[in-house]
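Novice: Got a structure here, written out as structure tokens. Questions coming.
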């Protein structure tokens with residue numbers, strides 16, 4: 087890879103980190119105008135249908151049969167449940183806090199993976215990483231103990247937020263387990279659209295009757311525009327470029343930068359809390375997630391080496 091390509095890849099990595107980090111801020115602003123489920127459904131339906139149309143025009147193959155069903159189910163878990171619930175939770179919790187909790191996703195993925203894919207060796211690194219991640223969340227959470235008295239819906243927001251994290255982890259597990267046979271962007275578009283339709287259906291039962299489109303301000307539609315254009319199109323395109331031009335270890339850096347961007351953006355734009363406990367908890371969570379990811383990497387490497395040994399033995403037998 088040339089220096090120019092390397093420079094472009096790191097610029098793309100910076101764009102991914104910034105735009106995905108600021109989606110929490112944009113969502114927090116948008117849910118001040120309308121129910122979180124409505125915002126999520128509008129965002130995902132617009133982004134998903136546009137991405138499907140774009141990829142179809144470019145000649146991407148539409149998945150069929152088993153691949154289509156798997157893609158839709160993953161979309162329901164990741165976006166119809168995970169993203170929709172997190173968007174709803176942001177009505178009641180600050181965007182920086184939500185981003186730190188979301189960053190802990192790999193810890194829950196490790197737990198699900200142990201039971202659903204293959205057992206992970208419970209090494210000191212894995213246990214320590216999970217402990218640090220949870221300790222970091224508790225550190226950030228300690229800043230918000232007074233919110234239980236000040237905001238009657240704060241506890242509800244916490245429950246919804248952790249539910250969102252669990253569904254996102256579960257969706258990630260099924261993505262790794264099934265690996266649907268479709269192009270990355272076409273699959274992403276289908277997941278967004280199916281998740282958005284599902285959320286719209288749920289939303290219609292208890293919040294759409296309270297919605298008056300004429301009362302939605304420029305602030306709401308600006309939030310939608312930012313989330314669709316930058317949070318979906320630009321960030322996804324940049325992420326794919328990063329994955330194609332940088333090693334996985336460098337591409338994964340965005341997962342550790344996102345919460346930092348979200349916490350700082352929330353503090354600067356919305357005046358959210360930013361104390362030494364916030365910084366300490368955030369970095370403990372990031373370190374914990376890094377250790378857990380390293381355990382995944384080691385386990386995958388050992389599995390590949392074992393498969394190569396089996397293939398070599400088969401060749402020797404033949």
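Residue numbers (the working numbering): 87 to 404.
Yeah, the Cβ is synthetic: ideal placement off N, Cα and C, and Gly gets one too.
From a predicted model like this one, the values you see are computed outputs, not experimental measurements.
Jot down the residue ranges of each uninterrupted alpha helix (DSSP H) in the region 206 to 244, minimum 4 residues, whole runs only, in chain order.
Specialist: Listed in chain order, they are 210 to 227 and 233 to 236.
Novice: Locate the alpha helix (DSSP H) running through residue 265, then write down its first and last residues.
Specialist: One-based indexing of the chain shown puts residue 265 at position 179. No alpha helix (DSSP H) holds residue 265; DSSP gives it neither H nor E.
Novice: Identify, in the order they occur along the chain, each residue of the same chain with its Cβ nearer than 8 Å to the Cβ of residue 228, setting aside the five sequence neighbours on each side.
Specialist: Numbered from 1 along the chain shown, position 142 holds the residue referred to as residue 228. Only 363 and 367 meet the Cβ criterion.
Novice: I need the straight-line Cα distance from residue 233 to residue 223, nearest angstrom please.
Specialist: If you number the chain shown from 1, residue 233 lands on position 147. If you number the chain shown from 1, residue 223 lands on position 137. Near 16 Å, if we compare the C-alpha coordinates of residue 223 and residue 233.
Novice: Among the candidates 326, 286, 194 and 105, whose CA atom is the shortest distance from the CA of residue 337?
Specialist: Here residue 337 is taken as the residue at index 251 of the chain shown, counted from 1. Among 326, 286, 194 and 105, the Cα nearest to that of residue 337 belongs to 326.
Novice: From residue 96 to residue 329, what does the alpha carbon distance come to, in whole angstroms?
Specialist: Along the chain shown, one-based indexing puts residue 96 at 10. Along the chain shown, one-based indexing puts residue 329 at 243. Cα to Cα, the separation comes out at about 11 Å.
Novice: Compare the C-alpha of residue 145 against each of 272, 381 and 276 and name the closest.
Specialist: In the chain shown, the residue the question calls residue 145 occupies position 59. Minimum Cα distance to residue 145 is reached at 272.
Novice: In the DSSP assignment, find the unbroken alpha helix (DSSP H) run with residue 88 in it and report its ends.
Specialist: Sequence index remark: in the chain shown, residue 88 carries index 2 (1-based). Premise fails: residue 88 is in no alpha helix (DSSP H) and is neither H nor E.
Novice: Out of 279, 291 and 185, which one is the CA nearest neighbour of residue 106?
Specialist: Working through the chain shown from its first residue, we reach residue 106 at position 20. Cα-wise, what sits closest to residue 106 is 185.
Novice: Please report how far the alpha carbon of residue 112 lies from the alpha carbon of residue 313, in whole angstroms.
Specialist: Indexing the chain shown from 1 puts residue 112 at position 26. Indexing the chain shown from 1 puts residue 313 at position 227. So the two alpha carbons sit approximately 7 Å from each other.
Novice: Which same chain residues, not among the five before or five after residue 183, have their C-beta less than 7 Å away from its C-beta?
Specialist: Taking the chain shown and counting its residues from 1, the one referred to as residue 183 is at position 97. The residues are 226 and 230.
Novice: In angstroms with no decimal places, state the Cα-to-Cα distance between residue 88 and residue 99.
Specialist: Position 2 of the chain shown, counting from 1, holds the residue named residue 88. Position 13 of the chain shown, counting from 1, holds the residue named residue 99. Cα to Cα, residue 88 sits roughly 17 Å from residue 99.
Novice: Nearest by alpha-carbon distance to residue 220: which of 132, 333, 369 and 301 is it?
Specialist: Here residue 220 corresponds to residue number 134 of the chain shown, with the count starting at 1. Closest by alpha carbon: 369.
Novice: Using DSSP with H/G/I as helix, E/B as strand and the rest coil, what is residue 361?
Specialist: For the purposes of this step, residue 361 is taken as residue 275 along the chain shown, with counting starting at 1. Of the three classes helix, strand and coil, the one that applies to residue 361 here is coil, per DSSP.
Novice: Anyone know if the C-beta pair for residue 254 and residue 156 falls short of 7 Å?
Specialist: Residue mapping note: residue 254 aligns to position 168 of the chain shown, counting from 1. Residue mapping note: residue 156 aligns to position 70 of the chain shown, counting from 1. Not a contact, by the Cβ cut-off of 7 Å.
Novice: Taking only the alpha-carbon atoms, compute the straight-line gap between residue 360 and residue 118 and give it to the nearest angstrom.
Specialist: Translated into the one-based positions of the chain shown, residue 360 becomes position 274. Translated into the one-based positions of the chain shown, residue 118 becomes position 32. If you take the alpha carbons of residue 360 and residue 118, they lie about 21 Å apart.
Novice: On the premise that residue 134 lies in contact with residue 275, defined as a C-beta separation below 8 Å, what is that separation, rounded to the nearest angstrom?
Specialist: Position 189 of the chain shown, counting from 1, holds the residue named residue 275. Position 48 of the chain shown, counting from 1, holds the residue named residue 134. Between residue 134 and residue 275 the Cβ distance is about 5 Å, and since that is below 8 Å, they are a contact.
Novice: Need the endpoints of the alpha helix (DSSP H) that residue 181 sits in, please.
Specialist: If you number the chain shown from 1, residue 181 lands on position 95. Here the alpha helix (DSSP H) through residue 181 covers 181 to 189.
Novice: From residue 332 to residue 208, what does the alpha carbon distance come to, in whole angstroms?
Specialist: On the chain shown, residue 332 is found 246 positions in, with the first residue counted as 1. On the chain shown, residue 208 is found 122 positions in, with the first residue counted as 1. If I take the Cα positions, the gap works out to 30 Å.
Novice: How many whole angstroms separate the CB atoms of residue 356 and residue 278, which I take to be in contact at a CB cut-off of 8 Å?
Specialist: Taking the first residue of the chain shown as 1, we reach residue 356 at position 270. Taking the first residue of the chain shown as 1, we reach residue 278 at position 192. That pair is no contact at about 26 Å.
Novice: If we count Cβ pairs, one from each stretch, closer than 8 Å, do we get three or more for the region 283 to 292 versus the region 190 to 207?
Specialist: No, the region 283 to 292 does not touch the region 190 to 207.
Novice: Pick from 324, 309, 376 and 190: whose alpha carbon is nearest that of residue 109?
Specialist: Within the chain shown, the letter at position 23 stands for residue 109. Comparing Cα-Cα distances from residue 109 to each of 324, 309, 376 and 190, the minimum goes to 309.
Novice: Kindly indicate which three-state DSSP category residue 176 falls into: helix, strand or coil?
Specialist: Taking the chain shown and counting its residues from 1, the one referred to as residue 176 is at position 90. If DSSP states are grouped into helix, strand and coil, residue 176 belongs with coil.
Novice: Taking residue 190 as the reference, give the member of 249, 176 and 143 with the closest Cα.
Specialist: Residue 190 sits at position 104 when you count from the first residue of the chain shown. If we check each option's Cα against that of residue 190, 249 comes out closest.
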